[in-house]
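Undergrad:
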Amino acid sequence: MTVTSVNRVLEIDGFTLESGVLDHISLAYETFGTLNAEKSNAVIVEHALTGDSHVTSGRTDSRAAGAAPGWWEELVGPGRPIDTDRFFVICTNALGGCTGTTGPLSTAPDGLPYGGRFPRVSIRDMARLELLLLDHLGIDHLYAAIGGSMGGARALELALEAPERVQRLTVLAAPAYSEADQIAWAHAQVAAITMDPDYAGGDYAALGSVPERGLGLARQIAHLTYRSDAELNSRFGRNLQHMSDDPYYAVQSYLDYHGDKLVGRFDAQAYILLTEALRDHDVRRGRADTLNEALARYTGPALVLSLSTDRLYPPKQVKLIADNLPGQVEYAEIPTDVGHDGFLTEARAVGAYVSQFLS
1 MTVTSVNRVL EIDGFTLESG VLDHISLAYE TFGTLNAEKS NAVIVEHALT GDSHVTSGRT
61 DSRAAGAAPG WWEELVGPGR PIDTDRFFVI CTNALGGCTG TTGPLSTAPD GLPYGGRFPR
121 VSIRDMARLE LLLLDHLGID HLYAAIGGSM GGARALELAL EAPERVQRLT VLAAPAYSEA
181 DQIAWAHAQV AAITMDPDYA GGDYAALGSV PERGLGLARQ IAHLTYRSDA ELNSRFGRNL
241 QHMSDDPYYA VQSYLDYHGD KLVGRFDAQA YILLTEALRD HDVRRGRADT LNEALARYTG
301 PALVLSLSTD RLYPPKQVKL IADNLPGQVE YAEIPTDVGH DGFLTEARAV GAYVSQFLS
């Protein structure tokens, strides 16, 4: 079966952020599947840092002509673990990004791109914005909120902001709060962008420039946290990409490729905003002094998954969520050599857990 993907935009006036107010927000999102008459089968899937709303093609055969595979194609779609023949799947583009929802490249009230003037956004802001979308769609309760990496943080915040509206929660390779190590990695990435002369205080779009070198380097830094040392060593070793007076190793070529690839599809200021939103993520903020107290807000069933070689969010950090949620919680550490990106690549293992949990 083919499930139609619907691209939509919700226009919202006067949205209050934790850091201030945006006069207007366009919230872009896609839906897959059909909302039942009771509006009880809605599942929200949250994308990660540089992801978007296109979580799946909606096709049984994603290789068919005209299909546009999504970033979680093996998990979401007809007959898959998040089954679009059964569920009405919603995926929004994150606030502050560059994939449809209002962000730094959007036009400010003065007619110029927001650029560096765009206000700071938080993971909690993103959750509150999605609650307005659910209101708009007439959905009182989500069957489930699901996400990996930054998407896992978003799903967790959504469950804590409106615990009565989230019936099930799945958090994959994500923290309850960022620790010093993640804050340090984020700092290096942001510095790489802001130190690029073309950054121009974030106002490069109005000047017709792009901090390509800074954004590419930021992505390379991030990619080192997405893959494990074992995976990089087994895949590249000390192999040379080509021989010259200045050796150029295969792993260097790999990083350069991923840096260049992101530059071609993502905005630097949006990258900063989302990186800092995840850096500042802390479910305890404004709620409680301890993690146990903060997570006590959500009492529904939860599935929490970590990845054995994840050096961005190590299993012990992810497990803190499972250890402190008060309801029925299933926790598992998925074996993988890949590292953090295993939440995308280990589709069979992740899918088995998700399928069982949703059933």
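If you use the UniProt record's numbering, the sequence shown corresponds to residues 1 to 359, in order.
Note that CB positions come from ideal geometry on N, CA and C, so glycine has one too.
Note that the structure is predicted; figures quoted are calculated from it, not measured.
So, are the CB atoms of L131 and G300 less than 8 Å apart?
TA: Against the sequence shown, residue 131 aligns to sequence position 131. Against the sequence shown, residue 300 aligns to sequence position 300. Not in contact: L131 and G300 (Cβ atoms no closer than 8 Å).
Undergrad: So, with DSSP's three-state summary, where would you put R59?
TA: Locating residue 59 in the sequence shown gives position 59, counting from the first residue. Coil, per DSSP.
Undergrad: What's the C-alpha gap between D256 and V21?
TA: Your numbering for residue 256 matches position 256 in the sequence shown. Your numbering for residue 21 matches position 21 in the sequence shown. Cα to Cα, the separation comes out at about 38 Å.
Undergrad: Check whether the Cβ atoms of A37 and V9 sit closer than 8 Å, and answer yes or no.
TA: By one-based count along the sequence shown, residue 37 stands at place 37. By one-based count along the sequence shown, residue 9 stands at place 9. Contact flag unset, no.
Undergrad: I believe A296 touches I139 by the beta-carbon criterion, under 8 Å. Please report the beta-carbon distance rounded to the nearest angstrom.
TA: Numbered from its first residue, the sequence shown carries residue 296 at position 296. Numbered from its first residue, the sequence shown carries residue 139 at position 139. Between I139 and A296 the Cβ distance is about 25 Å, and since that is not below 8 Å, they are no contact.
Undergrad: Closest to A173 by C-alpha separation, out of K319, Y204 and I25, would be which residue?
TA: Indexing the sequence shown from 1 puts residue 173 at position 173. Per the Cα distances, K319.
Undergrad: Looking only at C-alpha atoms, which of V304, V283, W185 and G97 sits nearest to L358?
TA: Position 358 of the sequence shown, counted from the first residue, corresponds to residue 358. Among V304, V283, W185 and G97, the Cα nearest to that of L358 belongs to V304.
Undergrad: Using 8 Å as the Cβ pair cut-off and three pairs as the minimum, do the region 119 to 130 and the region 71 to 89 touch?
TA: The answer is no - the region 71 to 89 does not touch the region 119 to 130, with fewer than three Cβ pairs under 8 Å.
Undergrad: Would G339 pass as a contact of E231 if the rule is Cβ separation under 8 Å?
TA: Along the sequence shown, one-based indexing puts residue 339 at 339. Along the sequence shown, one-based indexing puts residue 231 at 231. In this structure, E231 lies closer than 8 Å to G339 by Cβ.
Undergrad: Taking the alpha carbon of D310 as the point to measure from, which residue in L75, T336, R219 and D196 has its own alpha carbon closest?
TA: Walking along the sequence shown from the start, residue 310 turns up at place 310. Checking every option, the nearest Cα to that of D310 belongs to T336.
Undergrad: Alpha carbon to alpha carbon, how far is H24 from G214?
TA: On the sequence shown, position 24 is the one that residue 24 refers to. On the sequence shown, position 214 is the one that residue 214 refers to. Roughly 30 Å separates the two Cα atoms.
Undergrad: Tell me the DSSP secondary structure of D15 in three-state form.
TA: Translated into the one-based positions of the sequence shown, residue 15 becomes position 15. Correcting the residue identity first, residue 15 is Phe in this sequence and not Asp. Looking at F15 - three-state DSSP - the assignment turns out to be strand.
Undergrad: Going by beta-carbon coordinates alone, are F32 and T84 separated by less than 8 Å?
TA: Residue numbering aside, residue 32 sits at position 32 when the sequence shown is read from its first letter. Residue numbering aside, residue 84 sits at position 84 when the sequence shown is read from its first letter. The answer is yes: Cβ separation under 8 Å.
Undergrad: Would you check if there are 3 or more beta carbon pairs closer than 8 Å linking the region 146 to 159 to the region 100 to 112?
TA: Contact fails: fewer than three Cβ-Cβ distances are below 8 Å.
Undergrad: Quick one, are the C-beta atoms of G116 and D196 less than 8 Å apart?
TA: Here the question's residue 116 lines up with position 116 in the sequence shown. Here the question's residue 196 lines up with position 196 in the sequence shown. Taking 8 Å as the Cβ cut-off, G116 and D196 do not qualify as a contacting pair.
Undergrad: Could you pull the start and end residues of the beta strand (DSSP E) that V171 belongs to?
TA: Taking the first residue of the sequence shown as position 1, residue 171 is located at position 171. Element bounds for V171: L169 to L172.
Undergrad: Going by the beta-carbon positions, is the gap between T275 and V190 smaller than 8 Å?
TA: Along the sequence shown, one-based indexing puts residue 275 at 275. Along the sequence shown, one-based indexing puts residue 190 at 190. Closer than 8 Å, so yes.
Undergrad: Cα-Cα, which of R279, Y254, R348 and G327 is closest to A153?
TA: Walking along the sequence shown from the start, residue 153 turns up at place 153. For the residues R279, Y254, R348 and G327, the minimum Cα distance to A153 belongs to R279.
Undergrad: Reducing DSSP to helix, strand and coil, say where Q317 ends up.
TA: Within the sequence shown, the letter at position 317 stands for residue 317. DSSP places Q317 in helix when its eight states are reduced to three.
Undergrad: CA-CA distance, E346 and L137?
TA: For the purposes of this step, residue 346 is taken as residue 346 along the sequence shown, with counting starting at 1. For the purposes of this step, residue 137 is taken as residue 137 along the sequence shown, with counting starting at 1. Cα to Cα, E346 sits roughly 32 Å from L137.
Undergrad: Could you tell me which whole alpha helix (DSSP H) segments of length 4 or greater appear in the region 241 to 274?
TA: 250 to 263, all fully within the region 241 to 274.
Undergrad: Cβ atoms of G96 and L325: under 8 Å apart, would you say?
TA: Translated into the one-based positions of the sequence shown, residue 325 becomes position 325. Translated into the one-based positions of the sequence shown, residue 96 becomes position 96. Contact flag unset, no.
Undergrad: Helix, strand or coil for Y177 per DSSP?
TA: Start at 1 with the first residue of the sequence shown, and residue 177 comes out as number 177. Looking at Y177 - three-state DSSP - the assignment turns out to be strand.
Undergrad: Shortest alpha-carbon distance to Y353 belongs to which of R80, A186, A294 and N239?
TA: Taking the sequence shown and counting its residues from 1, the one referred to as residue 353 is at position 353. Among R80, A186, A294 and N239, the Cα nearest to that of Y353 belongs to R80.
Undergrad: Rounded to whole angstroms, what is the Cα-Cα separation between H242 and A250?
TA: Locating residue 242 in the sequence shown gives position 242, counting from the first residue. Locating residue 250 in the sequence shown gives position 250, counting from the first residue. Each residue's Cα considered, the two are about 8 Å apart.
Undergrad: Enumerated in chain order, which unbroken segments of the beta strand (DSSP E) with a length of 3 residues or greater are wholly contained in the region 48 to 124?
TA: As far as the region 48 to 124 is concerned, its whole beta strand (DSSP E) runs of at least 3 residues are 88 to 92.
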